[in-house]
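Asker:
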Amino acid sequence: MTDHYAVLGVARNATLDDIRRAYRDRMRKAHPDSRAGASVDSSIASSVASSSAAEVTRIAEAWNVLSSPARRAAYDLQLATGSAAGVGARTTSTASDAASTGSDTAPPEYDANLDRVYPPARFPWRFVLTVIGIGAAILIVLHIMGDPMPERGIDGLISAGSCVDFDQLGAAYEVPCSGPHQAVVRELVPFDSPCDSDTTQARDRQGMGTVCIEP
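Residues 221 to 435 (the working numbering) are what the sequence shown spells out, left to right.
(1) For the 8 angstroms Cβ check, are there 3 or more pairs between the region 352 to 367 and the region 396 to 406?
(2) Mind checking Ser271: buried by the 16 CB within 10 Å criterion, or exposed?
(3) Val348 lies in the alpha helix (DSSP H); which residues open and close that run?
(4) Would you check if there are 3 or more beta carbon pairs closer than 8 angstroms linking the region 382 to 392 to the region 414 to 428?
(5) Which stretch, first to last residue, makes up the beta strand (DSSP E) that contains Thr420?
(6) Which first and last residues belong to the alpha helix (DSSP H) in which Leu377 is found?
(7) For Arg278, count the other beta carbons within 10 Å of its own beta carbon; 16 or more makes it buried, fewer makes it exposed. Which is it?
(8) Ignore the nearest five residues each way along the sequence and tell me which others in Ile374's own chain have a CB closer than 8 angstroms to its CB.
(9) Check the DSSP bridge columns for Leu408 and list the partner residues they point to.
(10) Could you tell me which residues DSSP puts in a beta bridge with Glu394?
(11) Can you tell me whether Ala231 is helix, strand or coil according to DSSP?
(12) Measure the Cβ-Cβ separation of Tyr225 and Arg232 and say whether it is below 8 angstroms.
(13) Rounding to the nearest angstrom, what Cα-Cα distance links Thr430 and Gly399 in this structure?
(14) Could you name the residues that DSSP lists as bridge partners for Ala403?
(15) Could you check what DSSP says for Pro173 in three-state terms: helix, strand or coil?
(16) Could you tell me the alpha carbon to alpha carbon distance between Ala319 and Ala300, rounded to whole angstroms?
(17) On the three-state DSSP scale, how would you describe Arg244?
(18) Taking DSSP as the reference, what is the three-state secondary structure of Asp237?
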């Protein structure tokens with residue numbers, strides 16, 4: 221099991237700045253050009269380059285894990301449980317690139333957006349309720365400002381709610397409720413049906429039945 225802290229030579233409670241400085245220093249020392257001089261023969265130089273490439277890979281892998289708060293926390297947890305194997309598997313591609321190019325550039329800056337934990341999406345209840353409230357207010361205003369319901373027309377056919385007057389023979393006929401009227405009809409029933417006991421009955425002048433008059 222690779223100890224990334226040991227690879228970079230930092231304590232386990234090291235800050236990100238400490239880890240960055242250690243990474244730069246180790247990567248600079250592990251660079252093949254800094255370890256294989258011009259006076260070394262080709263076989264020794266090849267061996268040095270090979271070992272340097274492996275060390276560059278380990279350093280890059282350690283940086284990739286420890287520079288990310290999320291990956292570092294997972295790695296620390298696995299170290300505590302003794303199962304840190306495979307934490308750096310995702311860094312193989314990055315480490316290989318660094319080894320092949322022998323790059324001595326500064327480590328990438330930490331991007332907080334990569335490890336930010338976003339809360340689950342929530343339904344916009346407040347927005348929906350606001351829209352419903354505004355819509356209801358508009359409907360109420362339109363209703364208040366709109367034209368009143370047209371008055372019920374007079375068609376001569378008496379029904380429940382009709383306003384009536386009586387002719388000389390006592391027969392009821394419909395008149396507008398907006399003007400003078402003598403009674404209001406509770407219901408119109410067939411001639412052979414009685415009205416309620418608390419109503420007064422009259423004959424419909426149109427001959428449609430018995431008019432039950434509100435008291």
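Here a beta-carbon is modelled for each residue, glycine too, at the ideal position from N, C-alpha and C. Being a predicted model, the structure only gives us computed values, none of them experimental.
Answerer: Short version:
(1) No: the two stretches stay apart, fewer than three of their Cβ pairs being nearer than 8 angstroms.
(2) exposed
(3) Trp345 to Met365
(4) yes
(5) Thr420 to Asp424
(6) No alpha helix (DSSP H) contains Leu377, which DSSP labels as neither H nor E.
(7) With at least 16 other beta carbons inside 10 angstroms of its own, Arg278 counts as buried.
(8) Glu394, Val395 and Pro396
(9) Val431
(10) Val384
(11) coil
(12) In contact: Tyr225 and Arg232 (Cβ atoms closer than 8 angstroms).
(13) Each residue's alpha carbon lies about 23 angstroms from the other.
(14) Val384
(15) Because the chain is modelled from 221 through 435, residue 173 falls outside the range shown and cannot be assessed.
(16) In this predicted model, Ala319 has a pLDDT of only 46, less than 50, meaning its place in the structure is not dependable enough to derive any value.
(17) Collapsing the DSSP output to three states places Arg244 in a helix.
(18) helix
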